[in-house]
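Read the structure below first, then the notes.
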Amino acid sequence: MRQLFSFVLLSLVSFSSLLSSASAAAADYHEQLVLRPLPLSALLASFNFRSNISLSEFEAHNFRFFPRSLGQILQHAGTQELHLRFSLGRWDSESWGARPWDGAREGGTGVELWAWLQAATDEEADHKWLTLTNALSGLFCASLNFIDGTRTTRPVMSFQPEGDHLNTTVADTHLLYGVLPHEVVCTENLTPFLKLLPCKGKAGIATLLDGHKLFDASWQSMAIDVKPICPIGGECVLQIELTIDMVLDIDRSKRPRDNPIPRPPPGHELPCDTSKPYHSHDTCFPTDHQANQDWTLSQIFGRTMKGTCPLTDPAVPPVCLQVPNSRSVYHSDGVLEKKNLDRISRCFEIKPDVNFEIVLPAPEDESAVLVKPETPLLYAERSFTGHGQERGGVQTILRNPSPDTEVEFIYMESLPWFMRIYLHTMSARVQGQPSKDESLIKEVYYRPAVDRARGTQLEVRMRVPPASTVFLTYDFEKSILRYTEYPPDANRGFDVAAAVITILSPAGYNLRTTSLLCSLPTPDFSMPYNVIIFTSTAIALAFGGMFNILVRRFVAADEGPEVGLAVLKKRIKERIGGLMEKFKKNKGRKTENGVGEPREKVNNVGVETEVAKV
Amino acid sequence: MPRLLSSALALRRDPRILKIPPYLSLLCILVGAVWLFLLPLNEYSRRTYISENALLPGQVHTYFGGSDQNVFRAYKQEVNSLVGKSNVEINDKLESIVKGLGLKTARQNFTYNAAGRTYAGENLYAILQAPRGDATEAIVLVAAWENAKHEVNKNGIPLVLTLARYFKRWSLWSKDIIILLSPDSIAGPQAWVDAYHDAHDSSRVASLPIKSGALQGAIAIDYVQEHRFKSVHIVYDGVNGQLPNLDLINSVVNIAGGQMGMGVALQEMWNHNDKYPDRLRTMLRGMLKQGLGLASGPHSSFIPYHVDAVTLQPFGEGWQDEMAMGRVVEGTFRSLNNLLEHLHQSFFFYLLMHRERFVSIGTYLPSAMLVAANFTIMAIFLWMKSGQPEEVPAASTPESSDKDTAAPTAERNLLLPLAVVTLSGSLSAIPLYIFNHVPESALTPSFYFFLVINTLLPIAISIVSTQLFTPTLQQFHLIKSFSLLLLGMFLSSLATLNFSLAMLIGLLSAPLSFVKPYSSPVARIVGFIILNLTSPPAVLLASAAVWGLNVGDILREAAVAWHVTGTYSAVVVWCVWWPAWLAGCVCVLGKPIHQEGKVKKA
């Protein structure tokens, strides 16, 4: 019975989808995978799933492609716009160039969440935020419920709403931003993510999403963006966009899954530089770092793509590959390859029930292996300076590679409360110049931390002149935590969230630095040191008392010597007088030709008044 | 309580109590010294154990080998072709190899001036970014072009390059791996670590252009030997006697000894039979090295920054090859990679006497503390003694017929004692400055000059003070009391930082507790000679003769250590030991005159 029911349901769904594909609602859902080989045998895979729902249907609980679980949470928490990021690893912009989506679809290491909530007051916004984080925590199996007051900030300059908000609602929307840098993103976060998709992971490009590959990637970011979009003259829609970007190491991905250990290859398979004079059967200067530009889809993802999702908009090609047009690419039957006019990308149109596979053979032409990566607008690198457990500093190196364009951006830090920053030490200087340059920092928004209640929020609008490197530095002091506040792995240190850099001009671009590990003064929770400390204290007390009793002389107050400035003055006078007298006498003795020992001089006048004071 | 207090007060006036301290003091020294010799016994030392469970040493298969050896041979050819070339040429070639592996490289210049010489060079380092990591933590693999004995690290450099290439293939690293190739073993790593922690003087040492996260550990490879080796020698002494976490040493012992089946040696004890004499010898060698506080290898500079590090040196004739050495490093790195927290379990204060036997601070510290306590006891004793009137005048005082039980107390004349102790303390800045700032060629002459001055100075001070102030016995007691009090205080604090140095200085200055102003000239001269035999310069000269070293070389090493690694042993010798010695000499040479009856009732 149940099977029959599901069959009927399924046919209904497919019928409706057939209908809808013909109608205007076709644009409701689409998905696309973009593959871009990167230098150093890396491959960027960008998965993008997007669906729309009209606001009226959303409010009527008539979810179609929009995930119901998420939709209800958003309604319950009064969320206007939501951005959620799960990230792992780091984007190597030196080698890989500009970030995908201009950095708009990624977060710092761990979990990042920011949302515009509709609320009349700050308290109400906080309450809704609590509801939202707790609900999302359950939905995504992540510790989002740990985003409490100390990890929540209200950015002023950094984030701007991406969606179209009505002017009437803008006044009472609140932006809240929370970040969990220590959260380890894992397969348990991927599964709920896939469940939000209309085709789940059963068909279409989502079939390529395998936890083993995704979390073996050198860099990966899962993003969920929900925002209202109001086309001019049309009905407002709520758009949900799910994005997964990952950079796979081709060499690592090609290893068979049952034998992932990178054992040394047999000697005869090692690619060698035979031009070396010492080259022989047992001596080999390796050249293999150039290789690995040949791969197939199933090698990289461990499986082929199972058709397309029947709900997707057929106008959008599901897979695109960004390699120079001159490079030959083989694909399976039933696939139509379309080379784009830009000469650096091609897309594949796939029939719904075809297993899709592409093969990139080793390139014949070394110069046209991959599309040259775009130079990012800014490079940023942040690290700690100083050492010790008392204070430290943060240094961010911002490099503008452009020869002629100045970059203006907002640098945002949300720091934990136990890093107390000294704002007056914040300075920016251009590399090569010894003194700081006041004109680099244009505007600072600073909200100081409150111990155990909220973290520091620092937003700096600054600029980097063309072709120069700017050092932004500030110092901070480390607080001592209460001993119950230490986590079980206290000696690991505390993660400090990535700094968010939002470029305002010349173009919109986002980037994030890596997170940091801040070590705080940590008590030794083990026994031996406590024993040492206790015994030392006991001995010190005993010794002090004993010493006191042994050495101190007890006298009544009136018996003691007089003290005060007058006494001191008198004493000095006496001493000088004594010396003078002695000097005179010596002189006199010399004239007397050394008669008599100056024995009586032993106790000079000073001794009389000099009383040992202990 | 009042009864206790009064009985204590009564006790302190008991003349018998003043007889005890010198014997007590001697007993402290004897017990302290004997204590040290008991430590190697089974009853007092402990077996080592891995305290940090996350390390799991020797629990992983190591795969370094096979065709990696072909690569190693090629890199070795490249390195051999670089021998004798300049630092920059070497770095150019090595950088091209490391860059070819896909690592991010950078260089750093440094210049140190010490003993009239310039120690300059250029560090090359590369960061292998953890494939899935986030740049929060890093571990360091160091290979210096020259080891501490200035031999070219002919196998170590290619091994590190081959390991870097091998590590790049793994995706399991949770921490970045930094490869540091420095031109020498002491200055290069020191400059790099200083700059990594922004503790460098930017006029001499350049800042690092690229950085990674917090350093969690470092392994240095010193592999000079060309033929196959038998065992691995672990060098673990840090600057100023600081030691790496015992867990790190235990891990290496476990991996090299247990998993790889090669022996492990410590403190140049190539054959260790785990019997009492060998254990004692290992411990004493360790203490001596710790006491000197010099950098013993590329790892030493890391330890002051709380980065646990050791140097591994293969030695002996055996059948282990470079790949085996590589697997030891691989295993150790896999263990370090497992760490969830900074190494903090286990011990930072220990004396190793065998690769699997150690004593911890709780067991060995009392010996140094007892030796230091002897000075404090003597200081208190002398202070009390100085407060008692001398017998002859006391008998003649008219008030002595009083029935008052309170003992008479002599006035203490503090000015001269304080002046002498302050003078000797401030004079100590002179040798400290001279020996750290004189050019190398002038070190030996200035040392002998200083030796002569050093012998004459106490005589001069004593003559001058006798002429000008005619000090009494009480004042000599006070001089000695103050200087011993300072010595005892410094040594007991030092014992917690550098146990061995405190112990050495304590034993060498033990005679200072027992010398006193003698009335007979013969005794005075004998005492002065004894003190001169245990003076800091004499000990330096004697140790140079014992080890067959040149005094100038020792002083140069000390000056380099002072300027480059910040070794504070010189401060302890010149500013703690020497002033105490000087004050002691002044006391011995003093010709006290008896004080006349200035007695006051308490």
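Chains as they are written, first to last, in the working numbering: chain A, 627 to 1240; chain B, 1138 to 1739. Backbone N, C-alpha and C define an ideal beta-carbon position, used for all residues, glycine too. Just so you know, these numbers come straight off a predicted model, no measurement behind them.
Hey, could you find the ends of the alpha helix (DSSP H) residue i is sitting in?
| i | result |
| --- | --- |
| P857 of chain A | From DSSP, P857 of chain A is part of no alpha helix (DSSP H); its letter is neither H nor E. |
| A1717 of chain B | 1715-1726 |
| K1062 of chain A | Neither: K1062 of chain A is in no alpha helix (DSSP H) and is coded neither H nor E. |
| Y1333 of chain B | 1324-1333 |
| A988 of chain A | First-last for A988 of chain A: undefined, no H or E at that position. |
| Q919 of chain A | Per DSSP, Q919 of chain A belongs to no alpha helix (DSSP H) and is neither H nor E. |
Who are the neighbours of residue i on chain A, taking C-beta pairs under 9 Å?
| i | result |
| --- | --- |
| I1517 of chain B | F1173, L1176, V1177 |
| G1398 of chain B | Near G1398 of chain B there are no residues of chain A at all, since even the closest Cβ is about 21 Å away, more than 9 Å. |
| M1424 of chain B | Per Cβ cutoff of 9 Å: no residues; M1424 of chain B is ~20 Å from chain A at best. |
What in chain A is Cβ-close to residue i, meaning under 8 Å?
| i | result |
| --- | --- |
| A1328 of chain B | Correct list: empty, because the minimum Cβ distance to chain A is about 15 Å. |
| A1509 of chain B | Residues of chain A passing the Cβ test: none, with the nearest at roughly 13 Å. |
| A1351 of chain B | F1010, G1119, L1143, S1145 |
Under DSSP, the beta strand (DSSP E) around residue i begins and ends at which residues?
| i | result |
| --- | --- |
| W742 of chain A | 736-744 |
| I1106 of chain A | Segment: none, I1106 of chain A is in no beta strand (DSSP E) and carries neither H nor E. |
| A671 of chain A | 668-680 |
| R1138 of chain A | 1135-1138 |
Ignore the nearest five residues each way along the sequence and tell me which others in residue i's own chain have a CB closer than 7 Å to its CB.
| i | result |
| --- | --- |
| F1665 of chain B | C1722, V1725, L1726 |
| A648 of chain A | Bear in mind that a pLDDT of 37 at A648 of chain A, under 50, signals an unreliable position, so the model cannot answer this. |
| L801 of chain A | W740, W742, R780, P781, F785 |
| L1677 of chain B | V1688, I1691 |
| F1485 of chain B | L1380, N1382 |
| L1193 of chain B | S1472, N1475 |
| V1652 of chain B | G1664, L1668, G1721, C1724, V1725 |
| V1330 of chain B | S1438, F1439, Y1442 |
Considering only residues of the same chain and omitting the five flanking positions on each side of residue i, which have a CB-CB separation below 8 Å?
| i | result |
| --- | --- |
| A1145 of chain B | none |
Can you list the residues of chain B that residue i reaches, using a CB-CB cut of under 7 Å?
| i | result |
| --- | --- |
| H1013 of chain A | H1334, A1336, Y1442 |
Excluding the five sequence neighbours on either side, which residues of its own chain have a C-beta within less than 6 Å of the C-beta of residue i, listed in chain order?
| i | result |
| --- | --- |
| A730 of chain A | N1136 |
| E766 of chain A | According to the sequence provided, residue 766 of chain A is Phe. The question's Glu does not apply to it. Within the same chain, F766 of chain A has close Cβ partners N815, P818. |
| Q925 of chain A | K880 |
| K1617 of chain B | L1519, C1724 |
| E1034 of chain A | R1089, L1130, S1131 |
| A1639 of chain B | A1505, L1628, L1631, A1632 |
Under 8 Å Cβ-Cβ, which residues of chain B neighbour residue i?
| i | result |
| --- | --- |
| T909 of chain A | N1207, R1210, A1211, Q1214 |
| L700 of chain A | By Cβ distance, chain B contributes nothing, its closest Cβ being about 30 Å from L700 of chain A, past 8 Å. |
| I1158 of chain A | I1498, G1499 |
| G715 of chain A | P1268, R1269, G1270, D1271 |
| D1121 of chain A | T1273 |
| P912 of chain A | V1208, A1211, R1302 |
In chain A, what lies closer than 7 Å to residue i by C-beta?
| i | result |
| --- | --- |
| E1478 of chain B | D1115, N1117, R1118 |
| K1348 of chain B | S1009 |
For a contact defined as C-beta to C-beta under 9 Å, what are the partners of residue i on chain B?
| i | result |
| --- | --- |
| L666 of chain A | G1239 |
Report task. Give the residues from the stretch 1133-1150 of chain A that approach chain B closer than 7 Å (Cβ to any Cβ), ordered along the chain. Result -> T1140, S1141, L1142, L1143, S1145
Report task. Could you pull out every unbroken beta strand (DSSP E) segment of at least 3 residues lying fully inside the stretch 1232-1314 of chain B, listed in chain order? Result -> 1241-1251, 1254-1265, 1274-1281
Report task. Quick one: which residues of the stretch 1095-1119 of chain A get their C-beta closer than 9 Å to a C-beta of chain B? List them in chain order. Result -> D1115, A1116, N1117, R1118, G1119
Requested in this report: Within the stretch 1359-1407 of chain B, note down every full alpha helix (DSSP H) run reaching 4 residues or more, in order along the chain.
Outcome: 1383-1389
Requested in this report: Ignoring anything shorter than 4 residues or poking outside the stretch 1419-1486 of chain B, list the alpha helix (DSSP H) runs there in chain order.
Outcome: 1459-1475
**Report entry** Within 7 Å of chain B by C-beta, residues of the stretch 866-895 of chain A in sequence order
**Finding:** D875, R878, I887, P888, R889, P890, P891, P892, G893
Query raised in the report: Which residues, in order along the stretch 1195-1214 of chain B, keep a beta-carbon less than 7 Å from a beta-carbon of chain A?
Result: Y1200, G1202, G1203, S1204, D1205, N1207, V1208, R1210, A1211, Q1214
Query raised in the report: What residues in the stretch 1432-1446 of chain B bring their beta carbon closer than 7 Å to a beta carbon of chain A?
Result: Y1442
Requested in this report: Compile a chain-ordered list of the residues in the stretch 1262-1287 of chain B whose CB is closer than 8 Å to at least one CB of chain A.
Outcome: Q1266, P1268, R1269, G1270, D1271, A1272, T1273, E1274
Query raised in the report: Of all the residues that make up the stretch 1640-1669 of chain B, which are near chain A by a beta-carbon distance shorter than 7 Å?
Result: none
Requested in this report: Pull out every residue of the stretch 1162-1183 of chain B whose Cβ sits closer than 8 Å to any Cβ of chain A, in chain order.
Outcome: none
**Report entry** Proximal residues, the stretch 1045-1060 of chain A versus chain B, C-beta separation under 9 Å
**Finding:** none
Query raised in the report: Any residues in the stretch 1301-1319 of chain B with a beta carbon nearer than 9 Å to a beta carbon of chain A? Which ones, in chain order?
Result: R1302, Y1303, K1305, R1306, W1307, S1308
Query raised in the report: If you measure beta-carbon to beta-carbon, which residues of the stretch 839-854 of chain A are closer than 9 Å to chain B?
Result: F841, D842, A843, S844, W845, Q846
Query raised in the report: For the stretch 727-747 of chain A, which residues have a beta carbon sitting closer than 8 Å to at least one beta carbon of chain B?
Result: T735
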